[in-house]
Amino acid sequence: MSPLSYTERAKYCLSSIARRLLELCDEKETNLILSADVTSTEQLLTLANQLGPEICLLKTHIDIVEDFTPYLTLELGKLAHKHRFLIFEDRKFSDIGNTVKQQYAGGMYHIAEWADITNAHSLPGPGMVEGLAEVGRKKNRGLVLVAEMSSIGALTNEEYLKNTLKIAEQFADFVIGFITQHALSADPHWINMTPGVKLQEGKDKLGQQYITPEKAIIEHHADLIIVGRGIIAAADPVIECHKYREQSWKAYQKRCQKK
Ligand code: 5BU
4 MSPLSYTERA
14 KYCLSSIARR
24 LLELCDEKET
34 NLILSADVTS
44 TEQLLTLANQ
54 LGPEICLLKT
64 HIDIVEDFTP
74 YLTLELGKLA
84 HKHRFLIFED
94 RKFSDIGNTV
104 KQQYAGGMYH
114 IAEWADITNA
124 HSLPGPGMVE
134 GLAEVGRKKN
144 RGLVLVAEMS
154 SIGALTNEEY
164 LKNTLKIAEQ
174 FADFVIGFIT
184 QHALSADPHW
194 INMTPGVKLQ
204 EGKDKLGQQY
214 ITPEKAIIEH
224 HADLIIVGRG
234 IIAAADPVIE
244 CHKYREQSWK
254 AYQKRCQKK
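One point on numbering: in the numbering used here, the residue at position 60 of the sequence shown is 63, and numbering is uninterrupted.
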């Protein structure tokens, strides 16, 4: 959809974190998001340290970490600085504005303190985004709206996608893009992040569906791919991570050559 480079697209962004993410991709030559779905502080910090140089964004599910303490997010922040990646908490907020505001700013996790980016289902409507923006804007955070899920039987139809885009357009300084299986719009500032990616197409036993990095980027116009088990369940996650990075980056270069 958009044959521009990430750096060229960064100029169209109203959000400073979106600009930083796009520029970082070209600087580091990676469009890979690691989904670090592990359950201990040690595992998460080890992955972040080993794989940090290969990725633009580290995606967490902080509520699956069994021994969580604020030490974890402090150390993650240091590793993000050392290896130059951003942090994305895959929280998938989905409630009224007044509730999500508290979930984002407070509770056990204080997500807004350490996550550069978080996400939310668009289902509750613009009031939810407004609530999150009240917390996130002043910290220069970014929000990604979940548009189209990767799982079989997801209820996210065409109408839902159109309405998700409409909500995003109302908050273009805070919403930086979408979790989606296909690009939603030709506007160059939206960042399309795509999960359900593996080197071999297929599914898992609970409805997750996988496409390859090349298909996600060239055919579905994804900008960044999100990979979890394809990397972290591999015999050698470092070698595997490098493979995903290379394939995904090659696909992006191929797409840019189509100008
Ligand atoms: P996997 O191990 O590569 O299947 O992990 C994919 C990750 O992306 C996992 O953390 C999911 O929670 C996340 N995900 C997804 O798989 N599909 C979606 O539509 C969304 C998030 Br939204």
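Glycine residues also receive a C-beta, built at the ideal position from the N, C-alpha and C atoms. None of the values given here were measured: they were computed from a predicted structure.
For residue i, is the beta carbon positioned less than 8 Å from some heavy atom of ligand 1?
i: tyrosine 213; result: yes
i: arginine 87; result: no
i: proline 198; result: yes
i: methionine 131; result: no
i: alanine 238; result: no
i: valine 41; result: no
i: arginine 94; result: no
i: aspartate 66; result: no
i: isoleucine 182; result: yes
i: lysine 208; result: no
i: valine 230; result: yes
i: serine 38; result: yes
i: serine 154; result: yes
i: valine 284; result: With the chain represented from 4 up to 262, any question about residue 284 goes unanswered, as that position is not in the structure.
i: asparagine 122; result: yes
i: glycine 205; result: no
i: lysine 31; result: no
i: lysine 81; result: no
i: glycine 233; result: yes
i: alanine 51; result: no
i: alanine 157; result: yes
i: lysine 201; result: yes
So which of the options has the shortest CA-CA distance to residue i?
i: phenylalanine 91; options: Asn101, Leu35, Ser43; result: Leu35
i: threonine 33; options: Leu79, Arg248, Cys244; result: Arg248
i: threonine 63; options: Glu162, Ile182, Glu57, Leu79; result: Leu79
i: isoleucine 67; options: Ala237, Glu57, Ser38; result: Ser38
i: threonine 102; options: Gly130, Leu187, Cys28; result: Gly130
i: isoleucine 65; options: Gly145, Tyr9, Ile155, Ala115; result: Ala115
i: leucine 146; options: Pro56, Thr49, His223, Trp193; result: Trp193
i: glutamate 243; options: Gln211, Val230, Lys165; result: Val230
i: glycine 100; options: Glu137, Lys253, Leu77, Leu75; result: Glu137
i: aspartate 239; options: Ser251, Arg12, Gln53; result: Gln53
i: alanine 51; options: Gly109, Tyr255, Glu222, Leu75; result: Leu75
i: alanine 142; options: Ile20, Ala13, Cys16; result: What sits at residue 142 in the sequence shown is lysine, not alanine. Nearest of Ile20, Ala13, Cys16 to lysine 142, Cα basis: Ile20.
i: leucine 89; options: Gly55, Gly128, Ala186, Tyr112; result: Gly55
i: leucine 82; options: Ala123, Gly110, Thr49, Asn160; result: Thr49
i: glycine 233; options: Ala254, Gln211, Asp226; result: Gln211
i: leucine 209; options: Glu30, Ala157, His224; result: Ala157
i: threonine 215; options: Ala254, Ala189, Tyr112, Ser188; result: Ala254
i: glutamine 184; options: Phe174, Val132, Met196; result: Met196
i: glycine 205; options: Ile155, Ser18, Tyr112; result: Ile155
On the criterion of 16 or more Cβ atoms from any shown chain inside 10 Å, does residue i qualify as buried, or is it exposed?
i: glutamate 151; result: buried
i: aspartate 70; result: exposed
i: histidine 84; result: exposed
i: aspartate 176; result: exposed
i: alanine 272; result: There is no way to answer for residue 272, as the model of the chain reaches only from 4 to 262.
i: valine 200; result: buried
i: proline 191; result: buried
i: valine 241; result: exposed
i: glutamate 57; result: buried
i: proline 73; result: exposed
i: proline 6; result: exposed
i: threonine 42; result: exposed
i: leucine 323; result: Outside the displayed range of the chain (4 to 262) lies residue 323, so it cannot be described from this structure.
i: asparagine 160; result: exposed
i: glycine 139; result: buried
Give me whichever residues DSSP pairs with residue i in a beta bridge.
i: isoleucine 214; result: Val200
i: leucine 227; result: Met196
i: alanine 123; result: Phe96, Leu148
i: glycine 180; result: Val147, Ile194
i: serine 154; result: Gln211
i: phenylalanine 71; result: For phenylalanine 71, which the question treats as bridged, DSSP gives no partner whatsoever.
i: isoleucine 36; result: Leu60, Ile229
i: glycine 205; result: Tyr213
i: isoleucine 90; result: Leu61
Determine, for residue i, whether the minimum Cβ-Cβ distance to residues of chain C falls below 9 Å.
i: proline 129; result: You won't find chain C in this structure, because it holds only one protein chain.
Going by the C-beta, is residue i closer than 8 Å to any heavy atom of ligand 3?
i: lysine 62; result: Among the ligands present in this structure, namely ligand 1, ligand 3 is not found.
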